[in-house]
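Here's the structure we're looking at; comments come further down.
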Amino acid sequence: MGLDKTVDSVAEAVADIPQGASLAVGGFGLCGIPSALIAALLEQGEKQVSRSSPTKKESDDWGLGLLLRAGRIARMTSSYVGENKEFARQYLSGELEVELVPQGTLAERLRAGGAGIPAFYTPAGAGTQIGDGGLPWRYAPDGQVAVASPPKETRTFEGREYLLEEGIRTDYGLVRATIGDRHGNLVFRSSARNFNPLAAMAGRVTVAEVEHLVEPGELDPDEVHLPGVFVQRVVRVFPDDPAAERRIERRCVRSEQEGGA
């Protein structure tokens, strides 16, 4: 692979993602999600994937909610399943397998996987069903638990119990950055930095959609949030592309009568 990692279109960027691939997808709610890559994956056909991400709070009609509604997600590893009604319906009916993980633990599992760390100990979840096992991962159609979480290995350090958590490596990582260069160095804007770097690290092949593409050397090394070693493909998205729209998950404003602007 040459140093220039750019591809011509989002369709080309995700064209080789196969049936059953695992994905680490950046973003938090609707903030910083790779919406153009998700839309392109939806258009690829009836490929079903599994997905690891710190959140699942997208709306039913945007982001991964589109893949979910189309029945294209088989399994989720998440820390918050939010208010997506279709997500709840699929989970409770046994159509979707869900592993719930404490958010900090999931973030560290993604980072550890990307850093080549197979497992680590954490006190989060010790003494709960997270450690003891028995959490419903998948329900049967009759409402019984079909697949439950296994117990985790524990160890005591300085009198405190810790759980052994495994790092996460996925087949692909999908992220969105404000600026990227042709070598894959990325800069994220404000809170869009959230889990994008972790998802990028976890993917064996990471694809980044960027709003502004610059030439190598234009980015000050001190400004780079994620080095290009973690990124294999870069594709530019344009503001006038409906799939690249940055949506607001929940607009909270006051009316003029209530003293708003």
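Residue numbers for the sequence shown follow the working numbering, so the first one is 11 and each next one is one higher. Heads up, the beta-carbon is just placed ideally off N, CA and C, and yes, glycines get one too.
Please report the straight-line C-alpha distance between residue i and residue j, rounded to a whole angstrom.
| i | j | result |
| --- | --- | --- |
| GLU118 | SER159 | 19 Å |
| PRO237 | LEU196 | 7 Å |
| LYS66 | ALA25 | Because LYS66 carries a pLDDT of 48, less than 50, the predicted location of this residue cannot be relied on, and the following value inherits that uncertainty. Their Cα atoms are separated by approximately 24 Å. |
| ARG121 | ILE178 | 8 Å |
| LEU102 | PRO226 | 49 Å |
| LEU208 | GLY153 | 35 Å |
| LYS15 | GLN242 | 6 Å |
| ASP354 | GLU163 | Here the chain covers residues 11 to 271 and nothing more, so residue 354 does not appear. |
| SER200 | THR188 | 10 Å |
| PHE198 | THR87 | 24 Å |
| LEU51 | ARG186 | 15 Å |
| LEU13 | TYR131 | 37 Å |
| ASP251 | ALA49 | 11 Å |
Tell me which residue opens and which closes the beta strand (DSSP E) that residue i is part of.
| i | result |
| --- | --- |
| ARG264 | It is not in any beta strand (DSSP E) - ARG264 carries neither H nor E in the DSSP assignment. |
| ARG179 | No beta strand (DSSP E) contains ARG179, which DSSP labels as neither H nor E. |
| GLU109 | 107–110 |
| LEU33 | 32–35 |
| VAL239 | No beta strand (DSSP E) holds VAL239; DSSP gives it neither H nor E. |
Can you tell me whether residue i is buried or exposed, with buried defined as 16 or more other CB within 10 angstroms of its CB?
| i | result |
| --- | --- |
| GLY144 | exposed |
| ARG165 | exposed |
| ILE27 | buried |
| CYS41 | buried |
| GLY137 | exposed |
| ARG99 | exposed |
| GLY124 | buried |
| GLY190 | buried |
| GLU219 | buried |
Could you work out which residue in the options is closest to residue i when comparing CA atoms only?
| i | options | result |
| --- | --- | --- |
| ARG192 | GLY75, GLY30, VAL245 | VAL245 |
| GLY104 | GLY124, GLY81, VAL111, GLY123 | GLY81 |
| PRO112 | ARG170, SER89, PRO133, ALA98 | SER89 |
| PHE205 | HIS222, ASP232, GLY114, ALA129 | GLY114 |
| ILE127 | GLY75, MET86, LEU174 | LEU174 |
| LEU47 | SER60, LEU229, LEU77 | LEU77 |
| VAL247 | ALA150, HIS222, ASP230, VAL263 | HIS222 |
| ASP142 | PHE130, GLY55, ALA23, TYR172 | TYR172 |
| PRO161 | ALA150, ARG203, GLN139 | GLN139 |
| GLY213 | GLY75, SER32, VAL91 | SER32 |
| GLU168 | GLU109, THR180, PRO133, ASP230 | PRO133 |
| MET211 | VAL239, GLU228, VAL224 | VAL239 |
| ARG85 | ALA34, SER45, LYS95 | ALA34 |
First and last residue of the alpha helix (DSSP H) that includes residue i?
| i | result |
| --- | --- |
| SER45 | 45–53 |
| ARG192 | Run containing ARG192: none; DSSP gives neither H nor E here. |
| GLY123 | 113–124 |
| GLU96 | 95–102 |
| GLU225 | First-last for GLU225: undefined, no H or E at that position. |
| PRO207 | 206–212 |
| ARG79 | 74–79 |
| ILE140 | 139–142 |
Closer than 6 Å by C-beta to residue i: which residues in its own chain qualify, once you throw out the five before and the five after it? Chain order, please.
| i | result |
| --- | --- |
| VAL234 | ASN195 |
| GLY37 | ILE43 |
| MET11 | Residue confidence is low: MET11 scores 47 on pLDDT, short of 50, so the model does not pin down where it sits. No coordinate-derived value is stated. |
| ALA23 | VAL17, VAL217, ARG243, VAL245 |
| GLY135 | PRO112, GLY141, LEU173 |
| ALA202 | CYS41, GLY42 |
| GLY30 | none |
| GLU109 | THR87, TRP147 |
| PRO151 | GLY104 |
For residue i, which residues of its own chain have a beta-carbon under 8 Å away from its beta-carbon, when the five flanking residues on both sides are left out?
| i | result |
| --- | --- |
| VAL157 | GLU107, PRO146, TRP147, ARG148 |
| GLU53 | ALA21 |
| VAL215 | ASP181, TYR182, GLY183, GLN242, ARG243 |
| ALA129 | ALA122, LEU174, GLU175, GLU176, GLY177 |
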